[in-house]
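Here is the structure we will look at, set down as structure tokens.
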Amino acid sequence: MKPMLKYIFSFVYLCFSSIGFSQNVKDTIKEKYGVRFGVDLHRIARSFYDKDYRGIEFVADYRISQKFYIAAELGNETKTTADDRFNFTTKGSYFKVGFDYNAH
0 MKPMLKYIFS FVYLCFSSIG FSQNVKDTIK EKYGVRFGVD LHRIARSFYD
50 KDYRGIEFVA DYRISQKFYI AAELGNETKT TADDRFNFTT KGSYFKVGFD
100 YNAH
């Protein structure tokens, strides 16, 4: 039984190891680059559970190569801070532009 088990194991090992040496065919379909849009859900959710905060942020990016993206963010926030020593409200809109690198 043991010699037969060695042959079975060797055969299975040979079959599965040959999968790793299979040929890879180059893909002829060109990968499309495009624009992605999104919304920051944390700012919206925080607006519901924090009575002193209101905010929203929209994001977009455009893929310019396999690893690089041009990114932009547009948002608006209002935050009230009340304490024994001070009380103030901060309001503002912002626009940020930059780039992202996909390290994956």
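Just so you know, we're using numbering that gives the first Met the number 0 here: the sequence shown kicks off at 0 and counts up by one.
Here a beta-carbon is modelled for each residue, glycine too, at the ideal position from N, C-alpha and C.
Counterpart residues of residue i in DSSP-defined beta bridges
i, result
"F94", "L73"
"V38", "F57"
Where residue i falls: helix, strand or coil (DSSP)
i, result
"I55", "strand"
"A44", "helix"
"F87", "strand"
"Y32", "coil"
CB contact check: residue i to chain C, cutoff 9 Å
i, result
"A59", "Of the protein chains in the structure, only one exists, and it is not chain C."
For residue j and residue i, the rounded distance between their alpha carbons
i, j, result
"K90", "G74", "11 Å"
"F8", "I28", "40 Å"
"G97", "Y32", "18 Å"
#### Entry: Inter-stretch contact (C-beta, 8 Å, three-pair minimum) for the stretch 77-90 and the stretch 36-55
yes
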